[in-house]
């Protein structure tokens, strides 16, 4: 069970970052929204990587 704590936290962080990216996009701040979305994708991929390695 402890092996999944890190990946779950990374995926939760990815969800929070996606929400932030959507909020930024709604406020027409496109560059910060893109950066936030890219960080979310990296966090999600990192979580998936930690599960399967």
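Residue numbers (the working numbering): 3 to 55. The beta-carbon is built from N, C-alpha and C at its ideal position, and this holds for glycine as well.
With a cut-off of 8 Å on the beta carbons, I'd call residue i and residue j a contact; round off their distance for me.
{"i": "residue 19", "j": "residue 42", "result": "4 Å"}
{"i": "residue 44", "j": "residue 9", "result": "Wrong, their Cβ atoms sit about 13 Å apart, outside the cutoff."}
Tell me where the alpha helix (DSSP H) around residue i begins and ends.
{"i": "residue 28", "result": "7–28"}
{"i": "residue 33", "result": "32–54"}
With the cut-off set at 7 Å, would you say residue i and residue j are in Cβ contact?
{"i": "residue 2", "j": "residue 48", "result": "Only positions 3 to 55 of the chain appear in this structure, which leaves residue 2 out of reach."}
{"i": "residue 38", "j": "residue 21", "result": "no"}
{"i": "residue 14", "j": "residue 46", "result": "no"}
Keeping to the same chain, check which residues put their C-beta closer than 6 Å to that of residue i; ignore five residues upstream and five downstream.
{"i": "residue 35", "result": "23, 26, 27"}
{"i": "residue 40", "result": "none"}
What's the gap between the Cα of residue i and the Cα of residue j?
{"i": "residue 33", "j": "residue 50", "result": "26 Å"}
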